[in-house]
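Worksheet: the structure to be examined is printed underneath.
Residue numbers (UniProt numbering): 1 to 323.
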């Protein structure tokens, strides 16, 4: 009887030790993500990743992508941290943007409090509202499940297969003259963020030059007029530029920046502009983590809300590295 009791005691002791060791083991690491919603007037679009072990915040990331991608000759598709580290994004301050961002992150990790925003750490002059707002949104969301893609920010461009696009002419109502966009290389590009192996941000865009325009019924309004002051050449249909209050109109370089001024909605079978369908494609990829194959016309048969040629979206996604 005594021998049985001893064996029972050791079994209980072993089980207690196993429970104790399990409780003292490393806490599960969880990842949380939030990002801003880009618009046609966006420049840098920020995102935040928060990493927790158990209930403790142990790491965070604060970064941004530029919606012009490599159509922006300065940043060439680089994320903001990289552009700052390479001294391309220059605020002419004592500390570079990425250095100031890291000070904000360090304070956040130390306090673990999204409401402990003031005072900012010494040396920080950048606005920190984006970080704390996104950190709060991230922590209020579900943790990011594990996936198969390589961690980090990925910029993918189809510039190597670009096609030359002829100039587009606009009538400038302020200066009362016809202006040209100049020719450009047209191609698609994408910005992606992967957290814990999952695609959590997918932004598609396309290089297309133009100005904000007068739009009627989903079409850019045009007028036949002389565009080169040459009596030997015939008039052409010139797009009518929207009025502006700056010294000069801003030449936009992408379809997403043009927004409704791209003028595709009128001809679209679903009445949607490029920027709307590109967002739908990005949302689909985030939800499903992959695209279906395109048909012989390069279109999706099964992605609701995307009727434009989708082969570029697929080509960009297929360039994302996996673990």
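We put the beta carbon where it would ideally sit given N, CA and C, even for glycine.
Residue 143 vs residue 31 beta-carbon contact at 8 Å: yes
Are residue 160 and residue 70 closer than 8 Å when you measure CB to CB? no
Do you know whose CA, among 219, 251, 288 and 253, lies nearest residue 263's CA? Looking at the Cα atoms, 219 is the closest of the given residues.
Is the Cβ-Cβ distance between residue 256 and residue 40 less than 8 Å? yes
Buried/exposed call for residue 22, threshold 16 Cβ in 10 Å: Note that residue 22 scores a pLDDT of 47, beneath 50, so its modelled location is shaky; the value from the coordinates is reported in the next line. It is exposed - the Cβ of residue 22 has fewer than 16 other Cβ atoms within 10 Å.
Run through the DSSP bridge pairs and tell me what residue 198 is partnered with. In DSSP, residue 198 forms a bridge with 195.
Going by DSSP in three states, residue 223 sits in which element: helix, strand or coil? strand
If distances are taken between C-alpha atoms only, which option among 188, 64, 190 and 269 comes closest to residue 304? Answer by Cα proximity: 269.
Pairwise C-alpha distance: residue 225 and residue 284: Spanning the two alpha carbons is a distance of roughly 43 Å.
Inter-residue CB distance, residue 77 and residue 189 (contact presumed, cutoff 8 Å): Between residue 189 and residue 77 the Cβ distance is about 7 Å, and since that is below 8 Å, they are a contact.
In three-state DSSP terms, what is residue 272? coil
Thinking C-beta only, is residue 54 closer than 8 Å to residue 27? yes
Beta carbon of residue 242 nearer than 8 Å to that of residue 208: no
Using the rule of at least 16 other Cβ atoms within 10 Å of the residue's Cβ for burial, across every protein chain shown, is residue 38 buried or exposed? buried
Start and end of the beta strand (DSSP E) containing residue 65? Counting along the chain, the beta strand (DSSP E) containing residue 65 begins and ends at 56-66.
Which partner residues of residue 47 appear in the DSSP bridge assignment? 35 and 63
Just to check my reading of the structure: residue 47 and residue 105 have Cβ atoms closer than 8 Å, yes? What is that Cβ distance to the nearest angstrom? In fact, because the Cβ distance is near 13 Å, the residues do not count as touching under 8 Å.
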